[in-house]
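Read the structure below first, then the notes.
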Amino acid sequence: MQTYYTRATFQSLLDAMIPPTFTTDTCGITRSLGAVDIRLEDYVLWVLDDKLAPRLGLNEMPFNLSDSTAYVLDIAANQLIQNNQAIMVHNDPIFPGGWFTTLSRRDRLKAVMILEGLKVNVENLPFPYTNNPGFLLNMMDGLNRLILFGFYSEWIGYGEARFHPTTYQLAFLPPSWLQVGYPGPSFGYRDFRGYLLKMDHQGGVSYA
Amino acid sequence: MPNPDVIVIGAGGGGPVIAKELGELGLKVTVLEAGPWYGNKQWPMPNKDRGSLSSSNVDDLDIGLYRAQFNKYENDMNDLTNGKLRWGPANRETPPWVRNIQHRGLAWQNAGVGGTTLHYLANSPRAFPSAIDGIWPLSYRELIPYYEKVEATLPVQFAPTTTKEELFYYGAQKAGWPLIPTLDVTTSGYRPQPNAILPVNEHIKNPYVSLEQLSWMEGCTLCGHCVKGCPHGPSVDKVAKRSTDVSYVPLALKTGNVTIRPNAFVIKVLTEEDPAEGIRTTGVRIRDTWTGEIEELKAQCVVMAAGCVETPRLWLNSGLPTNPWVGRGLVNHYIDWVSGVFDEQDLQSILGTGDVHPFVGHSSGARLDDPGTGFIQVTGMSPGLMASLTYGFSESGYHFTNESDPHRKWDAKGRIVGEELKSLMGDYRRTLNLLLLANDQVDQRNGITVDPTIEDEHGPIPLIKYNPTALARRNRKRLLNISSNLLKKAGAKNVVWSDWPATLMIHMESTMRMGYVVDTDCEAYQVKRLYIADNSVHVNGIGGANPTLTTQALATRTAEKLANQYFRS
Chain W
10 MQTYYTRATF
20 QSLLDAMIPP
30 TFTTDTCGIT
40 RSLGAVDIRL
50 EDYVLWVLDD
60 KLAPRLGLNE
70 MPFNLSDSTA
80 YVLDIAANQL
90 IQNNQAIMVH
100 NDPIFPGGWF
110 TTLSRRDRLK
120 AVMILEGLKV
130 NVENLPFPYT
140 NNPGFLLNMM
150 DGLNRLILFG
160 FYSEWIGYGE
170 ARFHPTTYQL
180 AFLPPSWLQV
190 GYPGPSFGYR
200 DFRGYLLKMD
210 HQGGVSYA
Chain P
278 MPNPDVIVIG
288 AGGGGPVIAK
298 ELGELGLKVT
308 VLEAGPWYGN
318 KQWPMPNKDR
328 GSLSSSNVDD
338 LDIGLYRAQF
348 NKYENDMNDL
358 TNGKLRWGPA
368 NRETPPWVRN
378 IQHRGLAWQN
388 AGVGGTTLHY
398 LANSPRAFPS
408 AIDGIWPLSY
418 RELIPYYEKV
428 EATLPVQFAP
438 TTTKEELFYY
448 GAQKAGWPLI
458 PTLDVTTSGY
468 RPQPNAILPV
478 NEHIKNPYVS
488 LEQLSWMEGC
498 TLCGHCVKGC
508 PHGPSVDKVA
518 KRSTDVSYVP
528 LALKTGNVTI
538 RPNAFVIKVL
548 TEEDPAEGIR
558 TTGVRIRDTW
568 TGEIEELKAQ
578 CVVMAAGCVE
588 TPRLWLNSGL
598 PTNPWVGRGL
608 VNHYIDWVSG
618 VFDEQDLQSI
628 LGTGDVHPFV
638 GHSSGARLDD
648 PGTGFIQVTG
658 MSPGLMASLT
668 YGFSESGYHF
678 TNESDPHRKW
688 DAKGRIVGEE
698 LKSLMGDYRR
708 TLNLLLLAND
718 QVDQRNGITV
728 DPTIEDEHGP
738 IPLIKYNPTA
748 LARRNRKRLL
758 NISSNLLKKA
768 GAKNVVWSDW
778 PATLMIHMES
788 TMRMGYVVDT
798 DCEAYQVKRL
808 YIADNSVHVN
818 GIGGANPTLT
828 TQALATRTAE
838 KLANQYFRS
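Chains as they are written, first to last, in our numbering: chain W, 10 to 217; chain P, 278 to 846.
Here you go:
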């Protein structure tokens, strides 16, 4: 089980990447859900600690991969603060945790960039990031992809079964699909506009 | 399990092809596949239960089961760690297998009968002739009969036009590119994708035939789910997208000579010293991925078709003879992604509809070839994949950290997150994505080794190293300019350059090169009776073209050579 500190750190990261947003139209103001609204941190922590860590030989360590990842984000956040590169620091963050959670959304992303640019002393990072810049790059990249894939795919729609892939049964449409206008799986579409070319399998090509 | 004449390691893009060809020649073949088998009655719950050991009966294939398993949901199908289509064991409660890539990126491959063709977009172009002639020890002309045989068998057809292809053609024409009506590409221009997808169902426009009815009939329904594994058709062997599990596997089983065993990870190629032949293979050692049991299987010949990563890994972990080119020379095409966001009114005037419909039709139905440079293909994805590939994956960090440059044809570069992401994803239906694949050169410093410190249950894991060459960088830059220009000419209001890292590995080739590790018959120089039938034998990146058809053509040819060499009687 991840610590409150770890969960808050990941919530802060998710909130920076996919925040709730507001749109105004004739019906008034509409709130568009963000990643934390659908508890996407559960997905990220599950993938890191239950799926990746065991393959990296980390399942017998006294801490989770997500814990050390949160700490790495905090180290970068602290560096940003110490170097006066953070535009502002919240004393009362929405997701109270370490330094990372006190940063503005933009500065949290800058902290990720510090790590991606390897602008930290990798000797001082916790295991398994210690002196392992390749792994750090791979993890920061993977987190970005994972968060966007998780939010815009149907994962949250599996409801109670969402941590048990072999029993997946979609319980409801994910809000992200409604946000983007994706209709979900289909038997087909009638949007057929003909053929530009045809192949006859005697080595020939013809105009349709 | 009785010993066959030939063992094939891997049931991906190449393995089932050579199995079918050898089976038709009367040889007894066993195909060993590390992952699950979907759509087969012997494995009704392939991700939960071990099921049977093997199948050699085409009647075991079950379209009802296949449709239930390939449900077209992107997280269920394509999640890299949990999805049905992942590089990992059949049991989804267990973690995936990992590769060590010391950089941003991933090797996007699947385990399972069908392998990576389960999620491939079925793009099946031939190599660029200029990348073969004078470079390979075979001529392009020698390959043509094998290309033709595979194109007829799958079969391959030019893709139909839907909205996104029409927009792509419009942009290409506006940018001054000609249509090139050919399979043998020697000049630049645009054309429909030659895809291994059945022609569109003739009733597609008939409102009296429901779309669900169409999905049970023969022919493509333009459902747009190619990457998730196509489930549509009246029977497994007539499923619209021709991944090898629905094309070559049924044909192989119909010969009565081919047995396929899923859940069998080959961990060692066995050899002996023969007085006449020297070192030669005698079989393989396998590990059952459900039980962990180890066993050995003997055969007169072994074909490695495990792919560009696992074939050299297996060679190295088997302790086969040292060769400076084993695992070396990896090319990946230097891949990138550029997207255009359009206004509804502009689309309406061009297409008669206000949407691009990125989730409709072949996932990739049109391309622009530029011999020597590579090619560009239109690509439509569902939102999870689209968001992560377009806005979540970049070499150049977040967009807000990149200074704008008024001289560039693109408007944004890098990852896009926050409110801007939400806004851009709000335009998902009006976004056209282009995949750029730049021709690369072989560099011996790139390739596959095995990790000296990390092992899984199958031995030291692969360590992947790839840095694009200077040529690849130049080629990608040219393709970026062509793409951005095409999108602008088509009317895109906002062009986003994702600037992908080099190590998104989806077109890996050349880690066991012909002329260096294998001869022109694809038999290993140093181990007799050991053949290779996957992308790894390609001498180079075939000019940047999608590699699967060339692998399948070579596998067809290799079957002839192998049978002639060792089974002439």
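Glycine is no exception: its CB is placed at the ideal position from the N, C-alpha and C atoms.
At least 8 Å separates the CB of SER332/P from every CB of chain W.
When secondary structure is reduced to three states using DSSP, GLU800/P falls in the strand class.
The straight-line gap separating the alpha-carbon atoms of LEU662/P and LEU357/P is approximately 11 Å. Non-local C-beta neighbours of GLY510/P in its own chain, meaning closer than 7 Å and more than five positions away in sequence, comprise ILE340, GLU495, VAL516 and ALA517, ordered along the chain. In the DSSP assignment, SER616/P falls within the unbroken beta strand (DSSP E) covering 611-618.
Taking the beta carbon of ASN352/P as reference, the chain W residues within 7 Å of it are SER162, GLU163 and TRP164, listed in sequence order.
The Cβ-Cβ distance between ARG755/P and ARG468/P does not fall below 8 Å. Within chain P, the C-beta atoms nearer than 7 Å to that of THR30/W come from GLU696 and LYS699, in chain order. Interface annotation, LYS207/W: in contact with chain P, CB-CB separation under 8 Å.
Between TYR705/P and chain W, the shortest Cβ-Cβ separation is below 8 Å. Within 10 angstroms of the beta-carbon of GLY820/P lie 16 or more other beta-carbons, which makes it buried.
The shortest CA-to-CA distance from TRP164/W to any of GLN88/W, MET70/W and VAL56/W is the one to VAL56/W. For ILE693/P, the closest alpha carbon among the candidates ASN368/P, SER775/P, ILE544/P and VAL335/P is that of SER775/P. With respect to the 8 Å criterion, PRO601/P and ILE725/P are not classified as neighbours on the basis of their beta carbons.
DSSP places TRP108/W within a helical segment (H, G or I) once states are collapsed to three.
In the structure shown, the three-state DSSP call for GLY448/P is helix. DSSP places GLU489/P within a helical segment (H, G or I) once states are collapsed to three. CA-to-CA, the gap between ILE563/P and LYS305/P works out to about 19 Å.
Within chain P, PRO660 have C-beta atoms less than 7 Å from the C-beta of SER185/W, given in sequence order. With respect to chain P, the C-beta atom of HIS99/W has no partner C-beta closer than 8 Å. With respect to LYS686/P, LYS765/P sits close: the two C-beta atoms are nearer than 8 Å. Unbroken alpha helix (DSSP H) stretches of 4 residues or longer found wholly inside the stretch 579-639 of chain P: 584-594 and 621-628, given in chain order. Rounded to the nearest whole angstrom, the CA to CA distance from GLN470/P to PRO192/W is 25 Å. Cβ proximity to chain W below 8 Å picks out LEU456, PRO458, THR459, LEU460, ARG468, PRO469 and PRO471 from the stretch 452-471 of chain P. Going by DSSP, ASN710/P is part of no alpha helix (DSSP H) but of the beta strand (DSSP E) stretching over 708-715. With contacts defined by Cβ atoms closer than 8 Å, GLY606/P and ASN716/P do not form a contacting pair.
Its chain contains ALA44, LEU118, ASN153, ILE156 and LEU157 as the residues whose beta carbon lies nearer than 8 Å to that of MET26/W, once the 5 sequence neighbours on both sides are disregarded; these appear in chain order. Excluding residues up to 5 positions away in sequence, LEU574, LYS575 and ALA576 lie with their Cβ nearer than 7 Å to the Cβ of ASN280/P in the same chain.
Interface annotation for the stretch 500-531 of chain P against chain W: CYS500, GLY501, HIS502, LYS505 and HIS509, criterion Cβ-Cβ distance under 9 Å. DSSP places MET791/P in no alpha helix (DSSP H); its state is neither H nor E.
For the C-beta of LEU61/W, the chain P residues within less than 9 Å are, from N- to C-terminus, THR358, PRO372, PRO373 and VAL375. Three or more beta-carbon pairs separated by less than 8 Å link the stretch 551-569 of chain P to the stretch 805-820 of chain P, which places the two stretches in contact.
Looking from the CA of GLY392/P, the closest CA among LEU415/P, THR835/P, LEU362/P and THR371/P belongs to LEU362/P.
For the C-beta of ASP200/W, the chain P residues within less than 7 Å are, from N- to C-terminus, THR439, THR440, LEU499, HIS634, VAL637 and GLY638.
The criterion of a C-beta distance shorter than 8 Å is satisfied by VAL794/P and VAL603/P. The three-state reading of DSSP puts VAL390/P in coil, since its state is none of H, G, I, E or B.
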